[in-house]
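Notes for the one structure printed next.
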Amino acid sequence: MDFGVFLPIGNNGWMLSATSPQYRPSFELNRDITLAAEKHGFEFVLSMVKLRGFGGKTEFWDYNLESFTLMAGLAAVTSRIQLYASVATLTLHPAMVARMAVTIDDISGGRFGINIVSGWNRSEYAQMGVWPGDEHYASRYDHASEYVQVMKELWRDGVSNFKGQYFQMDDCRLLPRPSHDIPLVCAGASERGMAFCAEHGHYNFMIADTEGDKLRAFNETLSGVAAAAGREIGTYALYTVILADTDEEARAREQHYRDGADLDAIAFMTGQASLDTAGTTAQVISELQGATFMGIGLLVGSPATVAQQIDRLAQIPGTSGMMLTFDDFVKGVERFGSEVMPLLQCRQATAAD
Ligand SMILES: Cc1cc2nc3c(=O)[nH]c(=O)nc-3n(C[C@H](O)[C@H](O)[C@H](O)COP(=O)(O)O)c2cc1C
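Numbers 823 to 1175, taken from our numbering, label the letters of the sequence shown in order.
In structure tokens, the structure reads:
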């Protein structure tokens, strides 16, 4: 079981709440988190690409750093941990990204990989005039497949003459080549997205549930899709950890964050119009509060409780790892590393491998 951290490259991490820790992203913050993760033996960190926030009183994700340049900085100050940046394929040409990846591969000594984001959120791209039209919803993984083929040819051969529907290379050159295969990961949730990942990726991320039912069903679908592509790939399950000394204290913190839900930002995220909160019914408010943690499964409790939850989820076949977010990332990663990791049976199995 690998463990990773979903770095807070956007303000306030993954909690749409005015009562969760409030912070803006910075290199310093992400460096401290990554160094703590590296010290405690986490396998990887990943930063997302997000180009437009959700607003609301917390200005949710209105502040976002850029993924590749952040990871280049982190590559220079770390020595062991794997680093993934995310590319929004509509915004950067694959020949440029292939070269950026080779550069970070060099800075990191072979610890760099890419999360392929095919683009599902029109407003992020329309704002800069690069949305190809709504047909992109259906064709985005065909576009992403060509994108990846161009990068792979450049990394493998140092040259590409790829001729596709979306990309045409004309003796396109790339040297130096990377020191090793640059791993690609993705987060396909649709079958087409999973098939793309099964063909090109090392791992498929998914937003997992605390009970593990969705995770189990997802893993089964992914393993079928991967078998059809003649490959085997595992799932990296995304969870949010809220740790405290006792279960009661941790649950009280969860409730406190829920009570402070940023309803306008949530309404934007869920595609509803901005809310007139005063006139909104209690039922709508409580439904919206349900999205405070963006639908990510919560692991809430004392270190012993969280370790038990993880060991149970780790047994679901096809789960290769977990990527974690925290309410307070620096303290959370430290505490998880020193108080949860040593309790994990699934880690002891890894350590003995
Ligand atoms: C862990 C994880 C990371 C993701 N990272 C990004 C990202 O950086 N930027 C983005 O726009 N979408 C991101 N997504 C969304 C996915 O790329 C994908 O579009 C989404 O899961 C829906 O799947 P589909 O494209 O197969 O419909 C992420 C999703 C997950 C679960």
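We put the CB at the ideal spot given by N, CA and C, even for glycine.
Small disclaimer: the values here were computed from a predicted structure and weren't measured.
Between the CA atoms of residue j and residue i - distance to the nearest angstrom
i            : j            : result
residue 936  : residue 908  : 6 Å
residue 947  : residue 979  : 31 Å
residue 924  : residue 1022 : 18 Å
residue 855  : residue 1056 : 25 Å
residue 985  : residue 868  : 31 Å
residue 840  : residue 1083 : 6 Å
residue 853  : residue 1119 : 25 Å
residue 904  : residue 873  : 24 Å
residue 1113 : residue 938  : 25 Å
residue 945  : residue 956  : 11 Å
residue 877  : residue 959  : 24 Å
residue 1047 : residue 1168 : 26 Å
residue 916  : residue 900  : 26 Å
residue 1039 : residue 992  : 44 Å
residue 1174 : residue 826  : With a pLDDT of 49 at residue 1174, under the threshold of 50, the predicted position of this residue should be treated as unreliable, though the coordinate-derived value follows. In a straight line, the C-alpha of residue 1174 is about 19 Å away from that of residue 826.
heavy atom of ligand 3 below 7 Å from residue i C-beta
i            : result
residue 1152 : Among the ligands in the structure shown, ligand 3 does not appear; only ligand 1 can be found there.
Closest Cα partner of residue i within the set the options
i            : options                   : result
residue 1141 : 1091, 1112, 1124 and 1045 : 1045
residue 860  : 886, 842, 921 and 902     : 902
residue 976  : 965, 994 and 989          : 994
residue 926  : 961, 1003, 982 and 831    : 1003
residue 928  : 837, 914, 1043 and 998    : 998
residue 1117 : 1136, 1090, 1134 and 1061 : 1061
residue 1008 : 910, 1151, 982 and 953    : 910
residue 897  : 884, 866 and 1159         : 866
Limits of the unbroken beta strand (DSSP E) element including residue i
i            : result
residue 867  : 866-868
residue 938  : 934-939
residue 1004 : Premise fails: residue 1004 is in no beta strand (DSSP E) and is neither H nor E.
residue 1143 : 1141-1148
residue 1025 : 1025-1029
residue 1122 : 1119-1123
Residue i: first and last residue of the uninterrupted alpha helix (DSSP H) it sits in
i            : result
residue 923  : 916-930
residue 848  : Here residue 848 belongs to no alpha helix (DSSP H), and DSSP marks it neither H nor E.
residue 979  : 958-979
residue 903  : Unbroken run through residue 903: none, as it is neither H nor E.
residue 1086 : 1085-1091
residue 827  : Careful: residue 827 lies outside any alpha helix (DSSP H), inside the beta strand (DSSP E) at 824-828.
Chain C contact for residue i (CB, 8 Å cutoff)
i            : result
residue 1059 : Absent here is chain C; the protein component of the structure consists of one chain.
Checklist entry - Quick one: any contact between the segment 964-973 and the segment 886-904, if contact means 3 or more CB pairs under 8 Å? => result no
Next on the checklist: Is it the case that the segment 1160-1171 contacts the segment 1123-1133, given that we only count it when at least three CB pairs across the two stretches are under 8 Å?
Outcome noted: yes
Checklist entry - What beta strand (DSSP E) runs, 3 residues minimum, are completely inside the segment 1038-1075? => result 1056-1065
Next on the checklist: Assess contact between the segment 1052-1066 and the segment 1007-1026, defined as three or more Cβ pairs (one per stretch) separated by less than 8 Å. Is contact present?
Outcome noted: yes
Checklist entry - Do three or more CB pairs link the segment 1139-1155 to the segment 1101-1112 at distances below 8 Å? => result no
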